[in-house]
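Quick note: the sequence shown, position 197, residue 197 per the UniProt record's numbering, numbers continuous.
Using N, Cα and C, we set each Cβ at its ideal position, and we do this for glycine too.
To start, the structure under review is shown below, and the notes come after it.
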Amino acid sequence: MDVLERADDRQGVVHMEVGEPDFSLPAAAADAAVAAVRGGDDDYTSSRGTAGLRDAISDYYDETYGVDVPPSRILVTPGSSAGLLLAMLALVDPGDDVVLTDPYYACYPNFVRQAGGNIVTTKLDPRTGFAPDIQGFENAVSRDTAAMLVNSPANPTGAVLSDSELGELAALSRRTDTPIISDEVYHGLTYDGDDHTVLEYTEDAIVLDGVSKRYAMTGYRVGWMVLPPGLVDPINRLAQNLVICAPAPSQAAAEAAIRADHGWLDDVRDQYRQRRDRLVDAADDWGLSMDYTPGGAYYLLLDVSDLPGDAFDVADVFLDAGVAMTPGPDFGSVAEDTLRASYATSTEQIELAIERISGLLEEDPTLAD
Ligand SMILES: Cc1ncc(COP(=O)(O)O)c(C=O)c1O
1 MDVLERADDR QGVVHMEVGE PDFSLPAAAA DAAVAAVRGG DDDYTSSRGT
51 AGLRDAISDY YDETYGVDVP PSRILVTPGS SAGLLLAMLA LVDPGDDVVL
101 TDPYYACYPN FVRQAGGNIV TTKLDPRTGF APDIQGFENA VSRDTAAMLV
151 NSPANPTGAV LSDSELGELA ALSRRTDTPI ISDEVYHGLT YDGDDHTVLE
201 YTEDAIVLDG VSKRYAMTGY RVGWMVLPPG LVDPINRLAQ NLVICAPAPS
251 QAAAEAAIRA DHGWLDDVRD QYRQRRDRLV DAADDWGLSM DYTPGGAYYL
301 LLDVSDLPGD AFDVADVFLD AGVAMTPGPD FGSVAEDTLR ASYATSTEQI
351 ELAIERISGL LEEDPTLAD
């Protein structure tokens, strides 16, 4: 956010620092939002979400993963961020541990701390493309663990948990009686295979998802939780008190996006895949590659350890050259010497960024002068 503020102060900077999709949302979703506003859809909804949206989400699980999720287990939230907060408040008592991977989404530790919990990390190996490590989770889980928090496709690495890894994680959860919180907000943006939800392996997990990333609807603030039956009422009570409901017109828009023709998402996914491949090649040319190809989301980590200064210094030099990227330390110790490049910006802007960084490094490959 600090890089974003400084980038916003300058003219013509290419924004690769934030995860804000550049695509317009599906037209049907925008139409539904307008119709809802014009139709006077301006009241609170049920804290669980509208019946129409929860039915659409339930059908989505059936069609996408072949999993039966009744609307009664779905709680609509103002963005998946609210779901994350509710999950933490429900599961974590002060002093409990929450196990997550390092690198992690920069906000995760803050959610855990708000509930009084401690984070325990399992470090991922860049040499394996940050492949999720089930043994690492097993080693990190103890009697103090309130939950394992997993994210696939992952921010900031783009790594994807395979279906067999999800199965192993579910087995570990059962064996150690440790709940899984699975953040699936980047589902739909998986480039080399199908998405798999942890719900294919267990009913006993909290799944977080939403329309922000998949349908380019970050500002609508609609997410959802899929809950184990025993957690529906307690978490709904928290939601009633703390967030009341997601915005009514946004819920109408989300329902239309989920029900709309999947061609929109297929097209968007193809474009992200092309951008990813272009950026992976550029990282190679720059000598900043971490030798991996992210399987999903829209981020790539670059290794800047050979450049002078720390990741913040390199981000400053890149910003001076007209390209904003996020310094890695926010994402954990494993990402300390990296920059995160987001390819959720247009292809033209990505080409401009590649031209600028290539020019910078050609002039002085060590950035020493
Ligand atoms: C991994 C991850 N989870 C959750 C969120 C929050 O998304 P939402 O807009 O649904 O609150 C983000 C946003 O960047 C994210 O990267």
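Distance from Y299 to G83 at the Cβ level is roughly 21 Å; contact not present, criterion being Cβ atoms closer than 8 Å. For G129, the Cβ stays outside the 7 Å cut-off from all heavy atoms of ligand 1. In the same chain as L301, and ignoring 5 residues on each side of it, the C-beta atoms closer than 7 Å to its own belong to P156, T157, M290, G328, A335, T338, R340, in chain order. Here the alpha carbons of R275 and D8 stand approximately 23 Å from one another.
Only residues of its own chain outside the window of five on either side were considered, and among them W286 have a CB closer than 6 Å to the CB of L361, listed in chain order. Membership of S80 in the alpha helix (DSSP H) is indicated by the continuous run 79-91. The way I'd put it, the stretch 38-45 doesn't touch the stretch 178-187; fewer than three beta-carbon pairs between them come closer than 8 Å. Between L75 and M217, the CB-CB gap reaches or exceeds 8 Å.
As for any beta strand (DSSP E) of minimum length 3 sitting wholly inside the stretch 323-349, the runs are 338-342, ordered along the chain.
The Cβ atoms of A297 and I354 lie no closer than 8 Å to each other.
The beta carbons of T122 and N110 sit no closer together than 8 Å. Across the set Y292, A154, R356, the C-alpha of R356 shows the shortest separation from the C-alpha of D320. Using a Cβ-Cβ distance cut-off of 8 Å, the stretch 254-272 and the stretch 20-32 are in contact, since at least three pairs of beta carbons, one from each stretch, lie closer than that value. Between ligand 1 and T345, a heavy atom-to-CB distance of less than 7 Å is absent.
Per DSSP, reduced to three states, the secondary structure at D22 is coil, with no helix or strand assignment. Relative to the non-hydrogen atoms of ligand 1, the Cβ of T218 comes within a distance shorter than 7 Å of at least one. Going by beta carbons, K213 and P71 fall outside the 8 Å limit. Of the heavy atoms belonging to ligand 1, none sits nearer than 7 Å to the Cβ of D2. Contact check for P179 against A147 passes: the beta carbons are separated by less than 8 Å. Out of T293, D306, S358, the CA that lies nearest to the CA of A131 is found in T293. A Cβ-Cβ distance of about 7 Å is found for the pair Y191 and Y272, placing them in contact under the 8 Å criterion. Residue burial annotation: I244 is exposed, with fewer than 16 other C-beta atoms found within 10 angstroms of its C-beta. Residues of the same chain with a CB within less than 6 Å of the CB of V13, apart from the 5 flanking positions on each side, are A7, G322, A324 in chain order. Within the model, the alpha-carbon separation for Y220 versus G79 is close to 8 Å. Annotation: T128 is outside any alpha helix (DSSP H) and is labelled neither H nor E by DSSP. Residue G263 holds the alpha-carbon nearest to the alpha-carbon of A27 among S342, T145, G263. When the alpha-carbon of G188 is set against those of D267, H15, L4, T77, the nearest one is in D267. Each residue's CA atom was taken as its position, placing P234 and G136 some 31 Å apart.
In this structure, E200 sits away from V304, with a CB-CB distance that is not shorter than 8 Å.
Exclusion of the five residues before and after P94 leaves A115, G116, G117 as the residues of its chain whose Cβ lies within less than 8 Å of its Cβ.
By DSSP's assignment, K123 forms a beta bridge with D102.
Annotation: the continuous beta strand (DSSP E) that includes S182 extends over 180-183. In this structure A106 is in contact with F331, their Cβ atoms being roughly 6 Å apart against a cut-off of 8 Å.
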